[in-house]
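Chains as they are written, first to last, in the UniProt record's numbering: chain B, 1 to 115; chain G, 1 to 115. Virtual Cβ for every residue (Gly too), placed ideally from N, Cα, C.
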DNA sequence: TGAATACTTAGCCACATGACTAACCAAATG
DNA sequence: CATTTGGTTAGTCATGTGGCTAAGTATTCA
């Protein structure tokens with residue numbers, strides 16, 4: 001995994017992991033509770049948690065024999081901003097194209113051409 | 001790849017593919033031009049384009065012997081909205097926690113306790 | 001028409017990923 | 001202190017991913 005963004009997007013490319021994030025935005029939870037709704041073996045699920053933790057999207061600490069997992073907001077925002085930035089560039093380009101088309105249209109009209 | 005979201009995020013988890021998207025937001029381009037800045041073999045690069053196209057983030061059509069690639073805005077927006085939604089839930093939860101803390105503080109004050 | 005251009009297909013390889021079982025460890029609880 | 005509970009480690013396996021070279025096809029240009 002080269003950089004941070006790679007890890008964010010890769011982490012979110014799996015439905016199990018997205019479900020965990022969706023659960024965690026409404027508060028921290030122990031591993032067992034997070035695992036419950038998923039029909040996969042615990043060790044498999046633990047690997048998903050490791051991936052999330054490695055990506056920085058999630059943190060956890062052990063209290064007694066349970067491990068509490070909680071979300072980390074910053075990386076989520078970072079991924080969102082990348083997408084936002086791309087969409088904005090894209091939209092501003094559409095605006096420019098629109099303006100160009102309009103200008104060409106006005107010029108055509110003023111030179112008195114007929115289609 | 002189970003659903004659409006999996007494909008979007010998986011597609012964006014690779015730096016080469018993100019770079020292609022970053023290039024395409026400012027307008028369509030032929031395969032050769034897209035490939036130029038990347039130091040990998042053409043067939044390898046073509047695979048990345050296939051992944052992007054399969055994810056719906058990109059489309060292309062062949063004109064003569066060149067293939068023109070252009071971005072598809074909708075999926076980009078969809079991924080962005082998922083992230084936005086999670087962030088909002090997360091933020092509203094922080095707000096509620098903040099309000100709770102405040103309320104507890106007010107109650108503590110009004111019962112005349114000293115720390 | 002022959003050569004150059006712009007992809008395209010096929011096939012191979014190393015390593016990553018997601019899933020499993022089995023066995024293990026450490027904190028709570030009766 | 002024995003047992004249960006809640007995770008953890010280790011090891012195996014099939015499939016997916018990103019990279020390569022070599023060879024092929026279809027346009028365009030001279």
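What does residue i touch in chain G if you count any residue whose Cβ is under 9 angstroms from its own?
{"i": "residue 73 of chain B", "result": "87, 90, 91 and 94"}
{"i": "residue 59 of chain B", "result": "By Cβ distance, chain G contributes nothing, its closest Cβ being about 14 angstroms from residue 59 of chain B, past 9 angstroms."}
{"i": "residue 103 of chain B", "result": "Those do not exist, as residue 103 of chain B stays about 18 angstroms from chain G at its closest Cβ, beyond 9 angstroms."}
Would you kindly work out how many angstroms separate the C-alpha atoms of residue i and residue j, rounded to a whole number?
{"i": "residue 12 of chain G", "j": "residue 64 of chain B", "result": "38 angstroms"}
{"i": "residue 40 of chain B", "j": "residue 87 of chain G", "result": "27 angstroms"}
{"i": "residue 27 of chain B", "j": "residue 6 of chain G", "result": "24 angstroms"}
{"i": "residue 24 of chain G", "j": "residue 62 of chain B", "result": "45 angstroms"}
{"i": "residue 50 of chain G", "j": "residue 69 of chain G", "result": "11 angstroms"}
{"i": "residue 47 of chain G", "j": "residue 102 of chain G", "result": "55 angstroms"}
{"i": "residue 22 of chain G", "j": "residue 76 of chain B", "result": "19 angstroms"}
{"i": "residue 16 of chain G", "j": "residue 44 of chain G", "result": "11 angstroms"}
{"i": "residue 52 of chain B", "j": "residue 82 of chain B", "result": "19 angstroms"}
{"i": "residue 74 of chain B", "j": "residue 3 of chain B", "result": "15 angstroms"}
{"i": "residue 84 of chain B", "j": "residue 10 of chain B", "result": "18 angstroms"}
{"i": "residue 38 of chain B", "j": "residue 37 of chain G", "result": "43 angstroms"}
{"i": "residue 97 of chain G", "j": "residue 19 of chain G", "result": "39 angstroms"}
{"i": "residue 35 of chain B", "j": "residue 14 of chain B", "result": "15 angstroms"}
{"i": "residue 42 of chain G", "j": "residue 33 of chain B", "result": "47 angstroms"}
{"i": "residue 54 of chain B", "j": "residue 92 of chain B", "result": "35 angstroms"}
{"i": "residue 115 of chain G", "j": "residue 89 of chain B", "result": "In this predicted model, residue 115 of chain G has a pLDDT of only 35, less than 50, meaning its place in the structure is not dependable enough to derive any value."}
List, in chain order, every chain B residue whose beta-carbon is nearer than 9 angstroms to that of residue i.
{"i": "residue 68 of chain G", "result": "Under the 9 angstroms cutoff, chain B gives no residues; its nearest Cβ is about 16 angstroms from residue 68 of chain G."}
{"i": "residue 45 of chain G", "result": "Residues of chain B passing the Cβ test: none, with the nearest at roughly 17 angstroms."}
{"i": "residue 15 of chain G", "result": "2, 3, 5 and 6"}
{"i": "residue 116 of chain G", "result": "For residue 116 of chain G there is no data in the structure shown, the boundaries of chain G being 1 and 115."}
When DSSP labels each residue in this structure, what does residue i get in the three-state scheme?
{"i": "residue 75 of chain B", "result": "helix"}
{"i": "residue 28 of chain B", "result": "coil"}
{"i": "residue 21 of chain G", "result": "helix"}
{"i": "residue 89 of chain B", "result": "helix"}
{"i": "residue 106 of chain G", "result": "helix"}
{"i": "residue 59 of chain B", "result": "strand"}
{"i": "residue 67 of chain G", "result": "strand"}
{"i": "residue 99 of chain G", "result": "helix"}
{"i": "residue 6 of chain B", "result": "helix"}
{"i": "residue 54 of chain B", "result": "helix"}
{"i": "residue 43 of chain B", "result": "helix"}
{"i": "residue 11 of chain B", "result": "helix"}
{"i": "residue 38 of chain B", "result": "coil"}
Could you round the C-beta distance between residue i and residue j to whole angstroms and report it? I think they count as a contact, below 8 angstroms.
{"i": "residue 30 of chain G", "j": "residue 67 of chain G", "result": "6 angstroms"}
{"i": "residue 8 of chain G", "j": "residue 79 of chain G", "result": "5 angstroms"}
{"i": "residue 71 of chain G", "j": "residue 57 of chain G", "result": "7 angstroms"}
Quick one: list the residues of chain G neighbouring residue i, beta-carbon separation under 8 angstroms, in chain order.
{"i": "residue 27 of chain B", "result": "93"}
{"i": "residue 80 of chain B", "result": "80, 83, 84 and 87"}
{"i": "residue 21 of chain B", "result": "86"}
Just the chain B side, please: which residues come within less than 8 angstroms of residue i by C-beta, in chain order?
{"i": "residue 10 of chain G", "result": "9, 10 and 13"}
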